[in-house]
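Here the structure comes first, spelled out in structure tokens, and everything after it is commentary.
Number of protein chains: 2
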Amino acid sequence: MQLIDGKAISAQIKQEIAQEVEKIVAAGGKRPHLAAILVGHDGGSESYVAHKVKACEQCGFKSSLLRFDEDITEDALIAEIEKLNNDNDVDGFIVQLPLPRHINEERVVEAVDYRKDVDGFHPINVGRLSIGLPCFVSATPAGIIELLRRYNIDTRGKHCVVLGRSNIVGKPIASLMMQKSNPGNSTVTVCHSATPNIKEICRTADIIIAAMGNPGFVTADMVKEGAVVIDVGTTRVPSAESKNGWKLTGDVCFDEVAPHCSYITPVPGGVGPMTIVSLMRNTLLAGKKAIFNF
Amino acid sequence: MQLIDGKAISAQIKQEIAQEVEKIVAAGGKRPHLAAILVGHDGGSESYVAHKVKACEQCGFKSSLLRFDEDITEDALIAEIEKLNNDNDVDGFIVQLPLPRHINEERVVEAVDYRKDVDGFHPINVGRLSIGLPCFVSATPAGIIELLRRYNIDTRGKHCVVLGRSNIVGKPIASLMMQKSNPGNSTVTVCHSATPNIKEICRTADIIIAAMGNPGFVTADMVKEGAVVIDVGTTRVPSAESKNGWKLTGDVCFDEVAPHCSYITPVPGGVGPMTIVSLMRNTLLAGKKAIFNF
Chain G
25 MQLIDGKAIS AQIKQEIAQE VEKIVAAGGK RPHLAAILVG HDGGSESYVA
75 HKVKACEQCG FKSSLLRFDE DITEDALIAE IEKLNNDNDV DGFIVQLPLP
125 RHINEERVVE AVDYRKDVDG FHPINVGRLS IGLPCFVSAT PAGIIELLRR
175 YNIDTRGKHC VVLGRSNIVG KPIASLMMQK SNPGNSTVTV CHSATPNIKE
225 ICRTADIIIA AMGNPGFVTA DMVKEGAVVI DVGTTRVPSA ESKNGWKLTG
275 DVCFDEVAPH CSYITPVPGG VGPMTIVSLM RNTLLAGKKA IFNF
Chain X
25 MQLIDGKAIS AQIKQEIAQE VEKIVAAGGK RPHLAAILVG HDGGSESYVA
75 HKVKACEQCG FKSSLLRFDE DITEDALIAE IEKLNNDNDV DGFIVQLPLP
125 RHINEERVVE AVDYRKDVDG FHPINVGRLS IGLPCFVSAT PAGIIELLRR
175 YNIDTRGKHC VVLGRSNIVG KPIASLMMQK SNPGNSTVTV CHSATPNIKE
225 ICRTADIIIA AMGNPGFVTA DMVKEGAVVI DVGTTRVPSA ESKNGWKLTG
275 DVCFDEVAPH CSYITPVPGG VGPMTIVSLM RNTLLAGKKA IFNF
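Protein chains in written order, with the numbering used here: chain G, 25 to 318; chain X, 25 to 318.
Following this line, the structure appears as structure tokens:
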């Protein structure tokens, strides 16, 4: 069993990005600039955005954090997005989700210029991903693909079982794994809350990508000997052992599953750090106008 | 075994559409108008477009056929598309594919205003389909869903195996079948040219959707007793029996597979007629501005 060390890989990628940024700047180019919009004071969102700002520093990016009160109107938020769309200094930006209930998230997502949509949530990027065209790939699926690539994991013709059909993980990672590409070219099965026989299907998987947000759902009896297990779950579970009173818990019972795997990601330290680094990679691509050159 | 009669269902739907159109017109509304661009003189394309024009008549639509020579430049074609984008009388239009080799199909597809993209090929419509937002669903997958709906076929929690990962059938039908909707809510497996054990996987399927373009690929030994089989294949195979020298052949060995099925579509007369009628339905929706209201 080999542990997939997302923390180490993500540190390495940040270093690669930082080196490229310094080359760009040395050649007289522009330092990539990521902006983030944060509405309200949700603890999880505060922490995610803080991590993103820190990662920008590590990559040598310029970053801007725009904070708005919980009660900002939808129209006012859209107006702020328009400002960023039109700000030539900003290469890419994100609107940290979730948003307060009175704001229509889909309208907000579609208001972002798709050429600056480094989260890859705009329908144009989602559609281009499905078709197989260059696009901003959303961060978590992009991070998973990068882990498979860096560990040289053979995916061609393998049976990849995706648990979960969310718009930000399950559906896009299924799209990527079935594409005629490497990593990719897998036979892909998507299971979800309406699947009656998930255990049985998982037992046929060469690769399991668990993205249900259901702590400890994947148990040893569901995993074939030698399978690759990618755990996308990051649920905060109360814990007496940790200082802050909770710990991040994956969808996989790591201790019992790991001995059966050829490769497995831990939680934390697996997919999580890769998600942020994929956002950095997208920002670099946006800065270079490598996806949309206009 | 029950035969799924796409010909009868499509005739019924055309009648329903025609009735709705007459109501709209009687109330002073506008008759839906579909335009089609045909480049060159490919026999298959000529025949498809002729069928579409005829279906427009049956539905009470206005239709326009714009023909261009094989050697039209890409820029000239894009200019024609812009004219249709800006023509307020045209509710929806299609560019018949394939295009001559010197023309970049993807650029052409993206030039179509997504609000008039009744083929559902524009990345915005593809992305919205994946996300689960209102959109123009491409015609063949929409036709399959409509057949499942009209025959009240239970899809929830069923294992649906899709053979083929094309952008116009395999990928979008996989998306639709996994959505939390009815029809839908299936566990979906997508198999393709890199899948080593298609036969084995098919044997576990409650629903097989065959869209490989590989005549007679699905044989009796691949089909579970009581399965639903949807045959999307329409390959022209030379035939001494038919007047024109060929016959449309599906991906399924109908005669040997049918006795094992609960439901099966024939070729011709199954999915094919539904494809055209789905295009008509999209045109009606475009005319009513029911998907994009601006």
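In this text, a Cβ means the ideal position worked out from N, Cα and C, and glycines have one as well. Bear in mind the structure is a predicted one, so any value in this text is a computation, not a measurement.
Going residue by residue through the region 263-316 of chain X, where are the continuous beta strand (DSSP E) segments of at least 3 residues, counting only ones entirely within it?
Whole beta strand (DSSP E) segments, 3+ residues: 270-273 and 285-288.
Return the bridge partner residues of residue 159 of chain G from the DSSP annotation.
Within the first sequence, numbered from 1, the residue matching residue 159 of chain G stands at position 135. None, per the DSSP bridge assignment.
Compare the C-beta of residue 147 of chain X with all C-beta atoms of chain G and state if any pair is closer than 9 Å.
As a position in the second sequence, residue 147 of chain X is number 123, starting the count at 1. Chain G places a beta carbon closer than 9 Å to that of residue 147 of chain X, counting this residue as a contact.
I'd like to confirm the pairing. Which residues does DSSP put opposite residue 151 of chain G in its beta bridges?
The residue given as residue 151 of chain G occupies position 127 in the first sequence. DSSP, once it has assigned bridges, lists no residue as partnering residue 151 of chain G.
Listed by chain order, chain X residues near residue 189 of chain G by CB distance under 7 Å:
For the purposes of this step, residue 189 of chain G is taken as residue 165 along the first sequence, with counting starting at 1. Within chain X, the residues near residue 189 of chain G are 202.
Give the straight-line distance between the Cα atoms of residue 48 of chain G and residue 296 of chain G, rounded to the nearest whole angstrom.
Walking along the first sequence from the start, residue 48 of chain G turns up at place 24. Walking along the first sequence from the start, residue 296 of chain G turns up at place 272. Rounded to whole angstroms, residue 48 of chain G to residue 296 of chain G spans 28 Å at the Cα level.
Taking residue 79 of chain G as the reference, which of G:28, G:37 and G:158 has the closest Cα?
The residue given as residue 79 of chain G occupies position 55 in the first sequence. The shortest C-alpha to C-alpha distance from residue 79 of chain G to any of G:28, G:37 and G:158 is the one to G:37.
What residues from chain G crowd round residue 130 of chain X, counting only those whose CB sits closer than 7 Å?
The residue you call residue 130 of chain X lines up with position 106 of the second sequence. Neighbours of residue 130 of chain X on chain G, chain order: 157.
Residue range of the unbroken beta strand (DSSP E) whose run includes residue 33 of chain G
By 1-based counting over the first sequence, the position of residue 33 of chain G is 9. Following the DSSP letters along the chain, one finds residue 33 of chain G in no beta strand (DSSP E) but inside the alpha helix (DSSP H) bounded by residues 30-50.
Give the range of the beta strand (DSSP E) segment to which residue 255 of chain G is assigned.
Position 231 of the first sequence holds residue 255 of chain G. In the DSSP annotation of this structure, the continuous segment of the beta strand (DSSP E) that includes residue 255 of chain G starts and ends at 251-255.
Determine the contact status of residue 84 of chain X and residue 42 of chain X, defining contact as a CB-CB distance below 9 Å.
Position 60 of the second sequence, counting from 1, holds the residue named residue 84 of chain X. Position 18 of the second sequence, counting from 1, holds the residue named residue 42 of chain X. Yes, they are a contact pair.
Could you pull out every residue in the same chain whose Cβ sits closer than 7 Å to the Cβ of residue 128 of chain G, ignoring the five residues on either side in sequence?
Against the first sequence, residue 128 of chain G aligns to sequence position 104. The residues are 98.
How is the beta strand (DSSP E) around residue 86 of chain X delimited, first residue to last?
Position 62 of the second sequence, counted from the start, is the residue given in the question as residue 86 of chain X. For residue 86 of chain X, the enclosing beta strand (DSSP E) covers residues 86-92.
Cβ of residue 253 of chain G versus every heavy atom of the ligand MN: is any distance shorter than 8 Å?
The model depicted lacks the ligand MN and carries no ligand whatsoever.
Measuring straight from C-alpha to C-alpha, what distance separates residue 56 of chain G and residue 135 of chain G?
Taking the first residue of the first sequence as position 1, residue 56 of chain G is located at position 32. Taking the first residue of the first sequence as position 1, residue 135 of chain G is located at position 111. Whole-angstrom Cα-Cα distance: 21 Å.
Does residue 63 of chain G come within less than 9 Å of chain X when only Cβ atoms are used?
If you number the first sequence from 1, residue 63 of chain G lands on position 39. Residue 63 of chain G does not count as touching chain X.
Is it true that the region 238-247 of chain G meets the region 200-214 of chain G, where meeting means three or more beta-carbon pairs spaced less than 8 Å apart?
Contact between the region 238-247 of chain G and the region 200-214 of chain G is absent: fewer than three C-beta pairs spanning the two stretches fall below 8 Å.
Taking 9 Å as the cut-off, decide whether the C-beta atoms of residue 252 of chain G and residue 230 of chain G are in contact.
By 1-based counting over the first sequence, the position of residue 252 of chain G is 228. By 1-based counting over the first sequence, the position of residue 230 of chain G is 206. With respect to residue 230 of chain G, residue 252 of chain G sits close: the two C-beta atoms are nearer than 9 Å.
State the Cα-Cα distance for the pair residue 191 of chain X and residue 149 of chain G, rounded to the nearest angstrom.
Here residue 191 of chain X is taken as the residue at index 167 of the second sequence, counted from 1. Here residue 149 of chain G is taken as the residue at index 125 of the first sequence, counted from 1. Roughly 15 Å between the two C-alpha positions.
Classify residue 126 of chain G: buried if its beta carbon has 16 or more other beta carbons within 10 angstroms, exposed otherwise.
In the first sequence, counting from the first residue as 1, residue 126 of chain G sits at position 102. The residue is exposed, with fewer than 16 neighbouring Cβ atoms inside 10 Å.
Delimiting residues of the alpha helix (DSSP H) encompassing residue 322 of chain X
Shown here, chain X extends from 25 to 318; a query on residue 322 of chain X therefore has no answer.
Taking the alpha-carbon of residue 25 of chain G as reference, which of G:289, G:239, G:189 and G:82 has the nearest alpha-carbon?
As a first step, residue 25 of chain G must be located in the first sequence, where it is residue number 1. Comparing Cα positions, the closest option is G:289.
Compute the Euclidean distance between the alpha carbons of residue 319 of chain X and residue 291 of chain X, then round it to the nearest angstrom.
Outside the displayed span of chain X (25 to 318) sits residue 319 of chain X, for which this structure offers no information.
Along chain X, in chain order, which residues have C-beta atoms closer than 7 Å to that of residue 218 of chain G?
Mapped onto the first sequence, residue 218 of chain G falls at position 194. Near residue 218 of chain G (Cβ distances below 7 Å), the residues of chain X are 180, 181 and 209.
Just to make sure I have the definition right: I need the residues of chain G whose C-beta is within less than 7 Å of the C-beta of residue 150 of chain X. Which are they?
For the purposes of this step, residue 150 of chain X is taken as the residue at position 126 of the second sequence. Neighbours of residue 150 of chain X on chain G, chain order: 151, 154 and 155.
Along chain G, which residues have their Cβ under 8 Å away from the Cβ of residue 226 of chain X?
Here residue 226 of chain X is taken as the residue at index 202 of the second sequence, counted from 1. Within chain G, no C-beta atom comes nearer than 8 Å to that of residue 226 of chain X; the closest sits roughly 11 Å away.
Can you give me the Cβ contacts of residue 161 of chain X inside the same chain, cut-off strictly under 8 Å, excluding the 5 residues immediately before and after it?
For this step, residue 161 of chain X is matched to residue 137 along the second sequence. For residue 161 of chain X, where only same-chain residues beyond five positions count, the Cβ hits under 8 Å are 144, 149, 153, 169, 196, 200, 302 and 306.
How about residue 109 of chain G: is its C-beta nearer than 9 Å to some C-beta of chain X?
On the first sequence, position 85 is the one that residue 109 of chain G refers to. It does not: the Cβ of residue 109 of chain G has no partner Cβ on chain X nearer than 9 Å.
Buried or exposed: residue 261 of chain X, going by 16 or more other Cβ atoms within 10 Å of its Cβ?
On the second sequence, residue 261 of chain X is found 237 positions in, with the first residue counted as 1. Under this definition residue 261 of chain X is an exposed residue.
Proximal residues to residue 315 of chain G (C-beta, below 7 Å), its chain only, five neighbours per side dropped:
What you label residue 315 of chain G is simply residue 291 of the first sequence in a count that begins at 1. Counting only Cβ-Cβ distances below 7 Å, and skipping sequence neighbours, we find 158, 159, 160 and 309.
Distance, Cα to Cα, residue 172 of chain G vs residue 52 of chain G?
Residue numbering aside, residue 172 of chain G sits at position 148 when the first sequence is read from its first letter. Residue numbering aside, residue 52 of chain G sits at position 28 when the first sequence is read from its first letter. Using only the alpha carbons, I get a separation of about 35 Å.
Does the Cβ of residue 141 of chain X have 16 or more other Cβ atoms within 10 Å, making it buried, or fewer, making it exposed?
Your numbering for residue 141 of chain X matches position 117 in the second sequence. So residue 141 of chain X ends up on the buried side.
With DSSP run on the structure shown, which of helix, strand or coil describes residue 168 of chain X?
As a working mapping, residue 168 of chain X is identified with position 144 in the second sequence. Reduced to three states, the DSSP call for residue 168 of chain X is helix.
Locate the beta strand (DSSP E) running through residue 60 of chain X, then write down its first and last residues.
One-based indexing of the second sequence puts residue 60 of chain X at position 36. Run containing residue 60 of chain X: 57-63, per the beta strand (DSSP E) assignment.
Of the listed residues G:93, G:120, G:219 and G:35, nearest to residue 58 of chain G (C-alpha basis)
Working through the first sequence from its first residue, we reach residue 58 of chain G at position 34. Closest by C-alpha distance to residue 58 of chain G, out of G:93, G:120, G:219 and G:35, is G:120.
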